[in-house]
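*Asks:*
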Amino acid sequence: MITITDQAASKLKELLANQEEPNMFLRLFVQPGGCEGFSYGMGFDAERRDDDQIFEQGGVKVLVDASSLQHMRGARVDYAKSTFGEGFTIRNPNAVSTCGCGHSFRTREDAGHAQPCDTATPQTSQA
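Reminder that position 30 of the sequence shown reads as 29 in numbering that gives the first Met the number 0, one-by-one numbering, no gaps.
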């Protein structure tokens, strides 16, 4: 199960309303890389694949492929604003180590493929 907070759902609905395709999903995924071994990614997708799990909360449909779900089971997606900025955050109970910016992680079972951080290029795409 992936949890989407009310704040994240509200922001996602706002972003989805600006898309040309009316029935978009939010796709969450994990990819190799980042300074801790895995990086989070998110973006809009119009197609559901055979191995996708679908979660619906707050009027937002979220797709997670089977491979990513094994690293994100129980995660919570939130949206926060502060004096330093705003954005989506992922709290992942499977992560045993995260980088300082929170965009990459590793799990107890899998260290992934760590790469040096590049602060000029974000490791994830924001929805």
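Don't be surprised by glycine CBs; every beta carbon is placed ideally from N, CA and C.
None of the values given here were measured: they were computed from a predicted structure.
(1) So who's on the other strand from I89, going by DSSP bridges?
(2) When the Cα atoms are used, what is the spatial distance from T4 to D77?
(3) Let's see if you can read the secondary structure: which residues bound the alpha helix (DSSP H) around D5?
(4) According to the Cβ coordinates, are D194 and D64 closer than 8 Å?
(5) Counting Cβ pairs, one atom from each stretch, are 3 or more of them under 8 Å apart for the segment 14-30 and the segment 56-72?
(6) Could you round the C-beta distance between Y39 and I1 to whole angstroms and report it? I think they count as a contact, below 8 Å.
(7) So, at 6 Å on beta carbons, what are the nonlocal neighbours of E20 in its own chain, with the 5 sequence-adjacent residues on each side left out?
(8) Would DSSP call A65 helix, strand or coil?
(9) What does a CB cutoff of less than 7 Å around Q69 pick up in its chain, not counting 5 residues either side in sequence?
(10) Determine the burial state of S81: buried for a count of at least 16 other Cβ atoms within 10 Å of its Cβ, exposed for fewer.
(11) Can you tell me the Cβ-Cβ gap for F83 and M41, rounded? I've got them flagged as a contact below 8 Å.
(12) Where M23 and A8 are concerned, what is the direct C-alpha to C-alpha distance, given to the nearest angstrom?
*Replies:* Walking through what the data contain:
(1) Counting from 1 along the sequence shown, the entry for residue 89 is found at position 90. V76.
(2) As a first step, residue 4 is located in the sequence shown; it is residue number 5 there, counting from the start. As a first step, residue 77 is located in the sequence shown; it is residue number 78 there, counting from the start. Rounded to whole angstroms, T4 to D77 spans 5 Å at the Cα level.
(3) Position 6 of the sequence shown, counted from the first residue, corresponds to residue 5. Looking at the DSSP string, the run of the alpha helix (DSSP H) that includes D5 is 5-16.
(4) In the structure as shown, the chain begins at 0 and stops at 126. Residue 194 is therefore absent and cannot be evaluated.
(5) yes
(6) Numbered from 1 along the sequence shown, position 40 holds the residue referred to as residue 39. Numbered from 1 along the sequence shown, position 2 holds the residue referred to as residue 1. At roughly 12 Å, the Cβ-Cβ gap does not stay under 8 Å, so Y39 and I1 are not in contact.
(7) Along the sequence shown, one-based indexing puts residue 20 at 21. Around E20: A45.
(8) Counted from its first residue, the sequence shown places residue 65 at position 66. Three-state DSSP puts A65 in a helix.
(9) As a position in the sequence shown, residue 69 is number 70, starting the count at 1. Hits under 7 Å: none found.
(10) Walking along the sequence shown from the start, residue 81 turns up at place 82. Result: exposed.
(11) For the purposes of this step, residue 83 is taken as the residue at position 84 of the sequence shown. For the purposes of this step, residue 41 is taken as the residue at position 42 of the sequence shown. About 20 Å separates the two Cβ atoms, so there is no contact after all.
(12) For this step, residue 23 is matched to residue 24 along the sequence shown. For this step, residue 8 is matched to residue 9 along the sequence shown. Straight-line Cα distance between these residues: approximately 14 Å.
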